[in-house]
Amino acid sequence: MAGAKLTPSPSEIDPDVKTEATKSSEEPTWVNPSMPIRTMGSFGSDAGQRYQEEYSMDSTNAQVQVEFYVNENTFKERLKLFFIKNQRSSLRIRLFNFSLKLLTCALYVLRVSLDDPEQVTGVCVNCQNRTSTTAESTESTEINWDLIFWVNRRVPVWAIQVIVALISFLEAMLLTYLSYKGNIWEQMFQISFILEMINTVPFIITIFWPPLRNIFIPVFLNCWLAKCALENMINDLHRAIQRTHSAMFNQVLILICTLLCLVFTGACGIQHLERASNQNLTLFNSLYFCIVTFSTVGYGDVTPHIWPSQLLVVILICVALVVLPLQFEELAYLWMERQKSGGNYSRHRAQTEKHAVLCVSSLKIDLLMDFLNEFYAHPRLQDYYVVILCPTEMDTQVRRVLQIPLWSQRVIYLQGSALKDTDLMRAKMDDAEACFILSSRNEVDRTAADHQTILRAWAVKDFAPNCPLYVQILKPENKFHVKFADHVVCEEEFKFAMLALNCVCPATSTLVTLLVHTSRGQEGQLSPEQWQRTYGRCSGNEVYHIRLCDSKFFGEYDGKSFTYASFHAHKKYGVCLIGVKREDNKSILLNPGPRHIMAAPDTCYYINITKEENSAFIFKQEEKDNKGLPVAGLYDAPSRLPVHSIIASMGTVAMDLQNPTDPPEDSSKLTLPTENGSGSRRPSIAPVLEIADSSSILPCDLLSDQSEDETNQSDEESSSVSDFVKGYPPNSPYIGSSPTLCHLLPQKASFCCLRLDKGCRHNSFEDAKAYGFKNKLIIVSAEMAGNGLYNFIVPLRAYYRPRKELNPIVLLLDYPPDNHFLEAICCFPMVYFMAGTIDNLDNLLQCGIIYADNLVVVDKESTMSAEEDYMADAKTIVNVQTMFRLFPSLSIITELTHPSNMRFMQFRAKDCYSLALSKLEKIERDKGSNLAFMFRLPFAAGRVFSISMLDTLLYQSFVKDYMIPIARLLLGLDTTPGSGYLCAMKVTEEDLWIRTYGRLFQKLCSSSAEIPIGIYRTESHMFPSSELKDGYPQSQVSINVEDTGGDDQRDNRSESWKEKTRTHRMSTTSESEHPLLRKKSLQWARRLSRKNTKPPSRTERFSQQRLNLYRRSERQELSELVKNRMKHLGLPTVGYEDVANLTASDVMNRVNLGYLQELQGISEQPLGEETRTGANTDEMNDHQNTLSYVLINPPPDTMLELNDIVYIIRSDPLAGPNVPEDPAQGQSSGGGRMRQDFGTETRDETHL
């Protein structure tokens, strides 16, 4: 068996490195007979052994050495390798050739400077007596041809020129020989070969014929050969350093060299020809003439005098007119292409400055501005450069923005692909501080977009392993492919988890969005509205971190419990401590509870307007009245809301109903009045202990036995709830989902039982009414059941949700789910699906929209891309508006593709208040705010959300690497042992004795170790409308008391919008403070309105009746449409009739201000009175609206109001024996709200 020895090719051997000779052919390498040889037979067979022996004994089969690439061992190939193929040697040869050509030009200039036309003696250097032709006086037009053909060349100069010419000639012959390809004429008629012969052969001839030593030779033409040598040398240089993107540099170099060669050629040629005239020109004067001529200035002070030089000028101008425009055109083309591609990021800048790279599939203006505003919002990143690497060309809007001086100096756009190493090299990815890879969410095929993102992440990791990666992925099943990245945000995971929490914790999407946006809290501070100023100031709160030993906020709490540190830091500094991380643990714990003892190396995570390093501490003495306000605060504006009486505007009749004096307070502890209203007081809020005491913490129903959770339930409810068990879902729909302890069914439900609208052999129910659910439904409308929808179900079925508060979930899908998804959700209780769309009324009625509390409309993938920008949400917005008109009491949570479209949610054409908010949004956007959209009512109330708002979460992780883990813990995507979870509690009339947010903080910390982080506030608001003028509406008494002013209000109807809002705000606060007075004043106001209301004029009354008739007819038409469809489907219409008249622009009436009870009273009135009150009800619902907003970490002295929903972080029930079990104390949780009551004894004593 013959072997082969591979020897390296001569082209692979560097000629500078000497190699030893290989073994001679006389000493071949033989096969060792003792070594085992693989044969055709089996190793143990006799046939194989015999074949091996015969094969090894055959001398003709001895191993033969075979040498490859022998054709490159010839003399010609070795010369070609040295002069042409090898990069280093060829570069040196070309550099030497270029130097020779420059030397010949320098020698020509030296010869011209030493030349004297009067010493030219003729054709022979030995002729000494010939009279010079220049001695005689001649006419100016006579040409002395001898001075053109003969020059005065000195012997040293001639000798050097001959040596250089000889070397150049030999080199030219050698290169011609090496590059010969069969056609000698093609090489001989090349311009470079002809010029080489003209400038070298005459010098060689003068060696053998001395009389020709003074003959003129146009050596200055060697500048063109030097130009060619320079181009070849630059090409070899770029090839040697692996630089391929040098077209622009080469073209600029060629253009410059062409101009220099034209000027040098013209100057030398004109100078030599002008020797034949009687007015000789020096070389400098000729150079001056050429520059003036080529620049089209033409002063005329220096001109050629004889026709040969004039002819040369004409020829040079013609050549310049042909050559230069072609090269300028090529340069302009390359320049435009470079502008499109973006050029390169300088290596010198990359090594001296810091930059981050943004890789996207297509760059839109919204994405760009979100990234730039959030990235440069941090002071530390002001000196960073941003390099955008995008495969598509810049669109007009992006180009316009990047030309703004603010961005043009630090944003560089490169057109290229992240899959090409050359483009990554252009972006200097290996020197980048970070690389952000974003997916294109507007693609029709989102899976394909994820695949592109994965490949980009792999390419960047392969090219620059040390570059931190920040990756955005769309679908959760693709997340594990980019698990190696430093930070990963899965869009669908966050989206569905946030939408799910919106159903149980209102406006969670707004809360998280405000937390992950960088803001200084200055939005809305110039607004006349109090709620906008408070809302804007609190929106500046963000999450920061600091080590306990380095902190002034928390340093004094070393050795204290976490709850103690959180409460006292909030009381003293207004800082909300929400989490901590041990030095020896990588996991962040949100509210680890009172058992966690703070240590010096701990990292504290807190919510504040700014980080501690940028805070100044001004210590003040306590006020003399000792109202329990914090010693120092970071809020410069007064945050305490004005307190007035509810019925202050009703005249002097009701003055005796109010008590203007507030009950005194004792330090920070709340005292309760005795039954007779006088006598001694005792504290009702226990102090927060430094070290946890199990007796001071009330139990939580999540830790109690199952019987405790069902104490107040009927036998039927108890039997249905007892079927649930706690465990981990057995089937995850994708790889990488975090395991979460959930409420599960003891046995998986059959797939047929998951279908809501079709009965099976297990049950015969075909609509939501037949199931008889105890709690309101949560309906999710989606296009298809993707794996991300699993993250909507898990937070709503988490183990810490009380079993009796679990809402049934109905998935309304355009396309039926596959078995893989059904296998994942069949273990969860009360989860159903139904095929249908939200634009089909029958589908909505069948899925139980009448009995639903929340409807979540998920953005459809098929509509995310549209031909016209921002039209992707058109269908969703119109469908939601239709449902809003048909089912006004339903809370609809909508996801939009573009955040700017949220202004169309619940759109009213003549809504002056929305127009005012639009102007405010424009003002904030002009100021450069990152949260210009925050004052839109749908966003503030948490009823609209766009996933692009969470892009800043990934950008902010560059500075705050803990933001993604904290957001995942808040949304329930991750469950770390010992970490708390986000929930909410509602402030009722029984809780108003707590009065302030700071006292509520103390109450929660001392009783149940819960940490409040914000308030979701809903308040009534009189929206100005252009549809109705003053008159009849003003004479009616709404359920809220601010419009019950009678004649006084009609007299003041010209007051400004600001004054109306202020009056409403004060009255709303009074309602919260005096619940008893509120009830009495409502009754008194209704009697007053029926007896003492002044009738309006006849014109106003007729106008109002016509308008009410129109509205009533429209509502009746919608109501009849829905009821007819329900009758057609065989559904009872009772549920819809109960809410048919509850039309309002704010669907948050379900968390109302208390006037739904009044509507129930109206529905119980006799027919005549009901008809009389119908117009009043319509008017109230159209104009007496509500608005909701989120207050993140409000000041401790913020007054609590009725129906406030407080966001709290509750400690983990499974984190250990944090609290004792005490079944005697029950929990009051119901109606879809998660409320931790404050003990039976306190509740009884404080009930009004």
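Using UniProt numbering, you'd call the opening residue of the sequence shown number 1 and step up by one each time.
The beta carbon of each residue, even a glycine, is placed where N, CA and C say it ideally should be.
No experiment lies behind these values; they were computed from the predicted model shown.
> Terminal residues of the continuous beta strand (DSSP E) containing ILE388?
Replying inline: Numbered from 1 along the sequence shown, position 388 holds the residue referred to as residue 388. ILE388 -> beta strand (DSSP E) spans 385 to 390.
>> Quick check for students: name the residue ranges of the alpha helix (DSSP H) that lie wholly in the stretch 726 to 760, counting only runs of 4 or more.
In response: List check, alpha helix (DSSP H) in window: nothing returned.
>> Could you compute how far the alpha carbon of ILE735 sits from the alpha carbon of GLU477?
In response: By 1-based counting over the sequence shown, the position of residue 735 is 735. By 1-based counting over the sequence shown, the position of residue 477 is 477. C-alpha separation (whole angstroms): 6 Å.
> Expressed to the nearest angstrom, what Euclidean distance is found between the alpha-carbon atoms of ARG925 and ARG1017?
Replying inline: Taking the sequence shown and counting its residues from 1, one reaches residue 925 at position 925. Taking the sequence shown and counting its residues from 1, one reaches residue 1017 at position 1017. Going by the C-alpha atoms only, they are around 25 Å apart.
>> Under DSSP, the alpha helix (DSSP H) around GLU186 begins and ends at which residues?
In response: In the sequence shown, residue 186 corresponds to position 186, counting from 1. 184 to 188 is the span of the alpha helix (DSSP H), which, as asked, contains GLU186.
> Given that a residue counts as buried once 16 or more other Cβ atoms are within 10 Å of its Cβ, and exposed if not, what is LYS340?
Replying inline: As a working note, residue 340 is residue 340 in the sequence shown. Answer is exposed; the Cβ neighbour count stays below 16.
>> Using only the alpha-carbon positions, how far apart do PHE83 and LEU175 sit?
In response: Translated into positions along the sequence shown, residue 83 becomes position 83. Translated into positions along the sequence shown, residue 175 becomes position 175. Distance between the alpha carbons of PHE83 and LEU175: 8 Å.
>> With distance defined between alpha-carbon atoms, name the residue in ASN232, GLN530, ALA159, PHE328 nearest to residue 1249.
In response: With the chain represented from 1 up to 1248, any question about residue 1249 goes unanswered, as that position is not in the structure.
> Just reading off the beta strand (DSSP E) that LEU1191 is part of, what are its end residues?
Replying inline: Position 1191 of the sequence shown, counted from the start, is the residue given in the question as residue 1191. Residue range 1184 to 1192 is occupied by the beta strand (DSSP E) that includes LEU1191.
> Where GLY980 and PRO739 are concerned, what is the direct C-alpha to C-alpha distance, given to the nearest angstrom?
Replying inline: Translated into the one-based positions of the sequence shown, residue 980 becomes position 980. Translated into the one-based positions of the sequence shown, residue 739 becomes position 739. Cα to Cα, the separation comes out at about 16 Å.
>> Helix, strand or coil, according to DSSP, for ARG153 in the structure here?
In response: Residue numbering aside, residue 153 sits at position 153 when the sequence shown is read from its first letter. Note: ARG153 maps to coil in three-state DSSP.
> Would you say ILE578 and ILE1208 are within 8 Å of each other, going by their C-beta atoms?
Replying inline: Along the sequence shown, read from residue 1 onward, the residue named residue 578 stands at position 578. Along the sequence shown, read from residue 1 onward, the residue named residue 1208 stands at position 1208. ILE578 places its beta carbon 8 Å or farther from that of ILE1208.
> Do the stretch 768 to 785 and the stretch 812 to 830 make contact, defined as three or more Cβ pairs closer than 8 Å?
Replying inline: At 8 Å Cβ cutoff, the stretches touch.
> Cβ atoms of GLU921 and PHE933: under 8 Å apart, would you say?
Replying inline: Counting from 1 along the sequence shown, the entry for residue 933 is found at position 933. Counting from 1 along the sequence shown, the entry for residue 921 is found at position 921. Yes, these two residues count as a Cβ contact at 8 Å.
>> Within 10 Å of its beta-carbon, does HIS820 have 16 or more other beta-carbons around it, so buried, or fewer, so exposed?
In response: The sequence position of residue 820 within the sequence shown is 820, counting from 1. Exposed: under 16 other Cβ atoms inside 10 Å.
> Taking the DSSP output, what are the residues bridged to PHE436?
Replying inline: To locate residue 436, count along the sequence shown from 1; it is residue 436. Note: PHE436 sits in a beta bridge opposite LEU358, TYR470.
> Where in the stretch 555 to 622 do unbroken runs of the alpha helix (DSSP H), each at least 4 residues long, occur, reported from the N-terminal end onward?
Replying inline: Within the stretch 555 to 622, the alpha helix (DSSP H) runs of at least 4 residues that lie entirely inside it are, in chain order, 562 to 573.
>> Output needed for residue 1250: all residues of its chain with C-beta closer than 7 Å, excluding positions within five of it in sequence on either side, in chain order.
In response: The first residue shown for the chain is 1 and the last is 1248, placing residue 1250 beyond what the model contains.
> Are there 16 or more other CB atoms within 10 angstroms of the CB of GLU868, so buried, or fewer, so exposed?
Replying inline: Sequence index remark: in the sequence shown, residue 868 carries index 868 (1-based). Classification of GLU868: exposed, given that the 10 Å Cβ count is below 16.
> In terms of residue numbering, what span does the beta strand (DSSP E) encompassing ILE412 cover?
Replying inline: As a first step, residue 412 must be located in the sequence shown, where it is residue number 412. Residues 411 to 415.
>> What does the Cβ neighbour count give for ARG94, buried or exposed, with the cut at 16 atoms within 10 Å?
In response: Counting from one through the sequence shown, the residue named residue 94 turns up at place 94. It is buried - the Cβ of ARG94 has at least 16 other Cβ atoms within 10 Å.
>> I need the boundaries of the alpha helix (DSSP H) containing GLU491, first residue and last residue.
In response: For the purposes of this step, residue 491 is taken as the residue at position 491 of the sequence shown. Residue range 491 to 504 is occupied by the alpha helix (DSSP H) that includes GLU491.
>> Helix, strand or coil for ASN901? Go by DSSP, reduced to three states.
In response: One-based indexing of the sequence shown puts residue 901 at position 901. In this structure, ASN901 counts as helix in the three-state DSSP scheme.
> What residues are listed by DSSP as bridge partners for PHE833?
Replying inline: Residue 833 sits at position 833 when you count from the first residue of the sequence shown. Per DSSP, ARG755, LEU811.
>> Between which two residues does the alpha helix (DSSP H) holding ARG88 run?
In response: Walking along the sequence shown from the start, residue 88 turns up at place 88. Per DSSP, the continuous alpha helix (DSSP H) segment holding ARG88 begins and ends at 87 to 113.
> Using the rule of at least 16 other Cβ atoms within 10 Å of the residue's Cβ for burial, across every protein chain shown, is GLU374 buried or exposed?
Replying inline: The residue labelled residue 374 in the question sits at position 374 within the sequence shown. A residue is called buried when at least 16 other Cβ atoms come within 10 angstroms of its Cβ; GLU374 meets this threshold and is buried.
> ASP395: buried (16+ other C-beta within 10 angstroms of its C-beta) or exposed?
Replying inline: In the sequence shown, residue 395 corresponds to position 395, counting from 1. Sixteen is the threshold: since fewer than 16 other Cβ atoms of the shown chains lie within 10 Å of the Cβ of ASP395, the residue is exposed.
>> Helix, strand or coil, according to DSSP, for GLY1168 in the structure here?
In response: For the purposes of this step, residue 1168 is identified with residue 1168 of the sequence shown, where counting begins at 1. Since pLDDT at GLY1168 reaches only 37, below the 50 mark, its modelled position is unreliable, and no value is offered.
> Are the CB atoms of LYS101 and LEU253 nearer to each other than 8 Å?
Replying inline: By one-based count along the sequence shown, residue 101 stands at place 101. By one-based count along the sequence shown, residue 253 stands at place 253. Not a contact, by the Cβ cut-off of 8 Å.
>> Using the Cβ count rule (16 or more neighbours within 10 Å means buried), how would you classify GLU1201?
In response: Mapped onto the sequence shown, residue 1201 falls at position 1201. Label assigned to GLU1201: buried.
>> Going by C-alpha to C-alpha distance, which of GLU613, SER509, VAL987 sits closest to LEU950?
In response: One-based indexing of the sequence shown puts residue 950 at position 950. Across the set GLU613, SER509, VAL987, the C-alpha of SER509 shows the shortest separation from the C-alpha of LEU950.
>> By alpha-carbon positions, which one of VAL580, ASP1197, PHE289, PRO308 ends up nearest to GLU142?
In response: Locating residue 142 in the sequence shown gives position 142, counting from the first residue. The shortest Cα separation from GLU142 among VAL580, ASP1197, PHE289, PRO308 belongs to PRO308.
>> Rounded to the nearest angstrom, what separates ASN775 and TRP458 at their Cα positions?
In response: Translated into the one-based positions of the sequence shown, residue 775 becomes position 775. Translated into the one-based positions of the sequence shown, residue 458 becomes position 458. Their backbone Cα atoms lie some 48 Å apart in a straight line.
>> Would CYS435 and LEU469 qualify as a contact pair, given that the criterion is a beta-carbon distance under 8 Å?
In response: As a position in the sequence shown, residue 435 is number 435, starting the count at 1. As a position in the sequence shown, residue 469 is number 469, starting the count at 1. Inclusion of CYS435 and LEU469 in the CB contact set at 8 Å is warranted, their separation being smaller than that value.
> Do you know offhand how far LEU1131's Cα is from LYS769's?
Replying inline: Reading the sequence shown from its first residue, position 1131 is the one you call residue 1131. Reading the sequence shown from its first residue, position 769 is the one you call residue 769. One C-alpha to the other measures close to 8 Å.
> Do you know offhand how far HIS378's Cα is from LEU372's?
Replying inline: Numbered from 1 along the sequence shown, position 378 holds the residue referred to as residue 378. Numbered from 1 along the sequence shown, position 372 holds the residue referred to as residue 372. Whole-angstrom Cα-Cα distance: 11 Å.
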